[in-house]
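Below is one structure, written out as structure tokens; comments come after it.
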Amino acid sequence: MGDRYLALFEDVEHAVEALGELRALGVPEEDLSVISGIPVAEAIMGRPKVANLMARWALPGALLGLAAGVFFTIGTPLMYPIQVGGQPIVSLPPSMVIIYEFTMLGVILATLIGLLAQAELPRWREKVYHPAISHGAIGILFRCDESCFDQVRERLRGLGAFELIPVDRSES
Amino acid sequence: MSSEATMHPDLAHVEQELKAADLLLDRRPREEMNYEVMRAMERISLTWLIVAFFLGGLVFLGLVLAWGYQIKWGLGVAGINRPVFWGVYIANFVFWIGISHAGTLISAILRSVGAEWRRPITRAAEAMTVFALMVAGMYPLIHMGRTWRFYWMLPYPNQRLLWPNFRSPLMWDMMAILTYLTGSLIFLYLPLIPDLAMVRDHSSAKLRKKLFNILSLGWRGTEAEWKHLHVAMAIFTFIIIPVAASVHTIVSWDFAMSNVPGWKSTIFGPYFVVGAIYSGVGALAVVLVMVRKFMGFEYYLREQHLDNIGKIMLTMTFFWTYFWFNGYLTEWYGAETALDFLREFMTYTGPAAPLFYAMLITNIIIPIAILWSRAGRTTPWMISLAGISINIGMYLERYIIVPVTLSRNRFPFSWGHYVPSPVEILISIGSLSMFILLYVLLSRIVPLISVWEVQEGQVMHVIRRVGRTLVPGVIQWHKAE
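Residue numbers (this note's numbering), protein chains in the order written: chain B, 25 to 196; chain Z, 610 to 1090.
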């Protein structure tokens, strides 16, 4: 364990080199993370793949939506039957439209909830960040102790880090 | 890339041409793009204020005074009467649902096929969908007359144990619009989050910074955030396409499920979807030209975008003509008496014939004449003219389908004639003004260009030397495994 630091680079190539340098200095993969202004595939940065579990949210959402659709179109007429001149209480073809829309609505809402849960949003109080990132800079967040940082500092500067910020642990 | 051009002076000219033709090859620093888009957001000129107040005045006149007058005195102040019980309110509803189709649907289709040129236009298109749906959603309430009873449509177990009839096409409408509006709002919001964070990062005013921090959900751009945003957008892209198609199909079923001559048609579902996309793309072209001109986005919205939108419009012109003629010919061949009455009423020298011929001219002849040539597609005022013409034509088509068709039925003794009342006209003007006003206001609240998507595209596009010339190429680095 040690303090966290944020190093900012102007381009991907230098950031990739810096990641290699940090690994060589013994910073474990789980103490590294990349923050960027555009999506950069994990393979380009040589980072482990981020687990994608969005389908696990979308599918139950679809099933919940389907159940809600069935409840409204089939359940409620059975609960409160109103006889209308020889027409059936439950009829499948016209119910399909509502069931379809509810299913889609279920997927939409579940995907949104899944995104927020997986990406851990909202995080309004998170301070480990630098506005230069939305100007296109690549940030590498890493953790190392003081002696390690002394070694790292010069190497990262040499690789083009234009900012090297110690992150206050209490704020993170 | 540029070094190769430096080595071969002849190629410098080729490189310049490639950059001028394609935004994604004409790379600019992200910082510069951010500030350019933010400056356009923050610029509140006198002209902007005059336009906003003028539109606000029209909204007040139409949606507060005229609608308030109708609420006070009842639906009798509208022009609808037996046998035309559906007038311009329903025509407007169908029209606005149609406009909503170009935004999210076109954006989703272009995203799903990886059309790279879409990057600067998707947000402007998606915003159009949300606003058009808001306007469309008002019309069933206006048409109800007793608007305050709207909650009768909502599913709640009331004291009489009488639930809404979910098998009614009108209930289908409500569910479809609710689903599409929810999906479209999220589809607009998700790719907006990184740009909201950009505004947060570079705003100096404290309140603004705080507001954008809330709106951006504290976005930082971590690996997990990007990954899940990407996957969520992929899911939405494929979910929203069938939802969009279902919305206008269901709107068409409001008509096709009846037994009214001229409405009962099996082709109405796809015909309405095609018509919706057609009018929506036309409106999108007009919106893009306006955004480009009044927000100074000439760098982002180039000839290539107008040309591509123009090609989609031209294709949709042929599709719409095909569907319209298909419906017309099969009904004509059927020679049903009631439809003969209707045809006599709206074609040849019938009272509604000017509307019918104006529809064909504005929907087919004018768009083809303009969009056939590249010059027509890439000249802003010409493509706008085509877009406006298409929307006039599509409005006439909806007007013909709704009140004109209802004017003639199987019983000549119950034929009627419908003329919209001043209240209906004022409400229609108010709703159009509301759509434009919402857009004008949005342009000062959020970035109308998705800057991060443009930068992502620019990073992926390169100019390479192949043989004796330079050619554009794409590195799909988001697909790196």
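Note that CB positions come from ideal geometry on N, CA and C, so glycine has one too.
Listed by chain order, chain Z residues near glutamine 107/B by CB distance under 8 Å: Here residue 107/B refers to the residue found at position 83 of the first sequence. Residues of chain Z passing the Cβ test: none, with the nearest at roughly 13 Å.
Could you please give the first and the last residue of the uninterrupted alpha helix (DSSP H) stretch that includes proline 778/Z? As a position in the second sequence, residue 778/Z is number 169, starting the count at 1. From DSSP, the alpha helix (DSSP H) with proline 778/Z extends over 778–798.
Distance cutoff 8 Å, beta carbons only. Does glycine 1082/Z sit that close to anything in chain B? Counted from its first residue, the second sequence places residue 1082/Z at position 473. It does not; no Cβ of chain B falls within 8 Å.
Rounded to the nearest angstrom, what separates alanine 978/Z and tyrosine 644/Z at their Cα positions? Here residue 978/Z refers to the residue found at position 369 of the second sequence. Here residue 644/Z refers to the residue found at position 35 of the second sequence. The alpha-carbon of alanine 978/Z is positioned some 40 Å away from that of tyrosine 644/Z.
When the distance is taken between beta carbons, is asparagine 972/Z closer than 8 Å to isoleucine 999/Z? Taking the first residue of the second sequence as position 1, residue 999/Z is located at position 390. Taking the first residue of the second sequence as position 1, residue 972/Z is located at position 363. Result yes, Cβ atoms of isoleucine 999/Z and asparagine 972/Z sit closer than 8 Å.
Helix, strand or coil, according to DSSP, for tyrosine 124/B in the structure here? If you number the first sequence from 1, residue 124/B lands on position 100. Note: tyrosine 124/B maps to helix in three-state DSSP.
With a threshold of 8 Å between beta carbons, is alanine 806/Z in contact with chain B? Numbered from 1 along the second sequence, position 197 holds the residue referred to as residue 806/Z. Chain B, which has a Cβ nearer than 8 Å to the Cβ of alanine 806/Z, makes this yes.
Paired residues, beta bridge with methionine 29/B - DSSP: As a position in the first sequence, residue 29/B is number 5, starting the count at 1. Going by the sequence as given, residue 29/B is tyrosine instead of methionine. In the DSSP output, where bridge partners are listed per residue, tyrosine 29/B has Phe166/B, Pro190/B.
Note down, in chain order, each residue of its chain lying with its Cβ closer than 7 Å to the Cβ of proline 1081/Z, except the 5 sequence neighbours on either side. Here the question's residue 1081/Z lines up with position 472 in the second sequence. Within the same chain, and ignoring the five residues on either side of proline 1081/Z in sequence, the residues whose Cβ sits closer than 7 Å to its Cβ are Leu627, Asp631, Leu634, His1070, Ile1072.
Taking only beta-carbon atoms, is isoleucine 59/B less than 8 Å away from chain Z? As a working mapping, residue 59/B is identified with position 35 in the first sequence. Yes, because at least one Cβ of chain Z sits closer than 8 Å to the Cβ of isoleucine 59/B.
Cβ pair alanine 995/Z, alanine 894/Z closer than 8 Å: In the second sequence, residue 995/Z corresponds to position 386, counting from 1. In the second sequence, residue 894/Z corresponds to position 285, counting from 1. Taking 8 Å as the cut-off, the Cβ atoms of alanine 995/Z and alanine 894/Z count as close.
Is there a C-beta anywhere in chain B that falls below 8 Å from the one on glycine 723/Z? As a working note, residue 723/Z is residue 114 in the second sequence. Interface annotation, glycine 723/Z: not in contact with chain B, CB-CB separation never under 8 Å.
Between which two residues does the alpha helix (DSSP H) holding serine 998/Z run? For the purposes of this step, residue 998/Z is taken as the residue at position 389 of the second sequence. Run containing serine 998/Z: 989–1008, per the alpha helix (DSSP H) assignment.
Rounding to the nearest angstrom, what Cα-Cα distance links alanine 984/Z and glutamate 953/Z in this structure? Here the question's residue 984/Z lines up with position 375 in the second sequence. Here the question's residue 953/Z lines up with position 344 in the second sequence. Answer to the nearest angstrom: the Cα atoms are 40 Å apart.
Is there a C-beta anywhere in chain Z that falls below 8 Å from the one on alanine 42/B? Translated into the one-based positions of the first sequence, residue 42/B becomes position 18. Among the residues facing chain Z, alanine 42/B is not included, as its CB has no counterpart in that chain under 8 Å away.
Please report the distance separating the alpha-carbon of phenylalanine 96/B from that of threonine 788/Z. Start at 1 with the first residue of the first sequence, and residue 96/B comes out as number 72. Start at 1 with the first residue of the second sequence, and residue 788/Z comes out as number 179. Roughly 15 Å between the two C-alpha positions.
Based on the DSSP secondary-structure assignment, which residues constitute the bridge partners of threonine 831/Z? Position 222 of the second sequence holds residue 831/Z. According to DSSP, which records beta bridges pairwise, threonine 831/Z is partnered with Ile59/B.
Nearest to alanine 79/B by CA position, among Cys168/B, Gln107/B, Glu187/B, Thr135/B, is which residue? Numbered from its first residue, the first sequence carries residue 79/B at position 55. Checking every option, the nearest Cα to that of alanine 79/B belongs to Thr135/B.
So, does the CB of histidine 1070/Z fall closer than 8 Å to a CB anywhere in chain B? On the second sequence, position 461 is the one that residue 1070/Z refers to. Output row for histidine 1070/Z: interface = no.
Segment contact flag, the segment 837–848 of chain Z with the segment 677–685 of chain Z, C-beta cutoff 8 Å, min 3 pairs: Short answer: they don't touch.
Report the rounded CA-to-CA distance for glutamine 175/B versus isoleucine 189/B, giving the unit in angstroms. Within the first sequence, numbered from 1, the residue matching residue 175/B stands at position 151. Within the first sequence, numbered from 1, the residue matching residue 189/B stands at position 165. So the two alpha carbons sit approximately 15 Å from each other.
Candidates Ala854/Z, Asn868/Z, Asp863/Z: which alpha carbon is nearest proline 879/Z's? As a position in the second sequence, residue 879/Z is number 270, starting the count at 1. If we check each option's Cα against that of proline 879/Z, Ala854/Z comes out closest.
Where does glycine 707/Z fall in DSSP's three states? Counted from its first residue, the second sequence places residue 707/Z at position 98. It is helical.
Which parts of the segment 638–699 of chain Z are runs of the alpha helix (DSSP H), unbroken and 4 residues or longer, counting only runs that do not cross its ends? Runs found: 639–651, 655–668, 676–682.
Enclosing beta strand (DSSP E) for isoleucine 1072/Z [first to last residue]: If you number the second sequence from 1, residue 1072/Z lands on position 463. That run of the beta strand (DSSP E) goes 1070–1075.
Select from Ser1059/Z, Val1075/Z, Val1083/Z the residue whose C-alpha is nearest the C-alpha of methionine 642/Z. By 1-based counting over the second sequence, the position of residue 642/Z is 33. The option with the nearest alpha carbon to methionine 642/Z is Ser1059/Z.
Please check if any C-beta of chain Z sits within less than 8 Å of the C-beta of serine 171/B. Numbered from its first residue, the first sequence carries residue 171/B at position 147. No, serine 171/B lies away from the interface with chain Z (no Cβ there is under 8 Å from its Cβ).
Between isoleucine 1036/Z and chain B, is there a C-beta pair that is closer than 8 Å? Looking up residue 1036/Z in the second sequence gives position 427. With 8 Å as the cut-off, isoleucine 1036/Z does not count as an interface residue toward chain B.
Roughly how many whole angstroms lie between the Cα atoms of alanine 1044/Z and leucine 1035/Z? Residue 1044/Z sits at position 435 when you count from the first residue of the second sequence. Residue 1035/Z sits at position 426 when you count from the first residue of the second sequence. The question names alanine, yet the displayed sequence has phenylalanine at residue 1044/Z. Note on geometry: alpha-carbon atoms of phenylalanine 1044/Z and leucine 1035/Z lie some 14 Å from one another.
Look up glycine 936/Z in the DSSP assignment and say whether it is helix, strand or coil. The residue given as residue 936/Z occupies position 327 in the second sequence. Glycine 936/Z carries a helical assignment under DSSP once its states are collapsed to helix, strand and coil.
Bridge partners of proline 1081/Z, per DSSP? As a working note, residue 1081/Z is residue 472 in the second sequence. Per DSSP, Ile1072/Z.
Glycine 70/B to lysine 151/B, Cα distance in whole Å? On the first sequence, residue 70/B is found 46 positions in, with the first residue counted as 1. On the first sequence, residue 151/B is found 127 positions in, with the first residue counted as 1. Rounded to whole angstroms, glycine 70/B to lysine 151/B spans 25 Å at the Cα level.
Near-chain B residues of the segment 817–833 of chain Z (beta-carbon distance less than 9 Å), N- to C-terminal order: Listed by position along the chain: Asn822, Ile823, Ser825, Leu826, Gly827, Trp828, Arg829, Gly830, Thr831, Glu832, Ala833.
Counting only the same chain and skipping the five closest in sequence on each side, list residues whose C-beta sits under 6 Å from that of leucine 183/B. The residue labelled residue 183/B in the question sits at position 159 within the first sequence. For leucine 183/B, where only same-chain residues beyond five positions count, the Cβ hits under 6 Å are His38, Glu41, Ala42.
In whole angstroms, what is the alpha-carbon distance linking serine 194/B and isoleucine 751/Z? As a working note, residue 194/B is residue 170 in the first sequence. As a working note, residue 751/Z is residue 142 in the second sequence. Caution applies to serine 194/B, whose pLDDT of 43 falls short of 50 and renders its modelled position unreliable; the model cannot decide the point.
Look up glycine 40/B in the DSSP assignment and say whether it is helix, strand or coil. Taking the first sequence and counting its residues from 1, the one referred to as residue 40/B is at position 16. Per the sequence presented here, residue 40/B reads as valine, with glycine not at that position. Helix, per DSSP.
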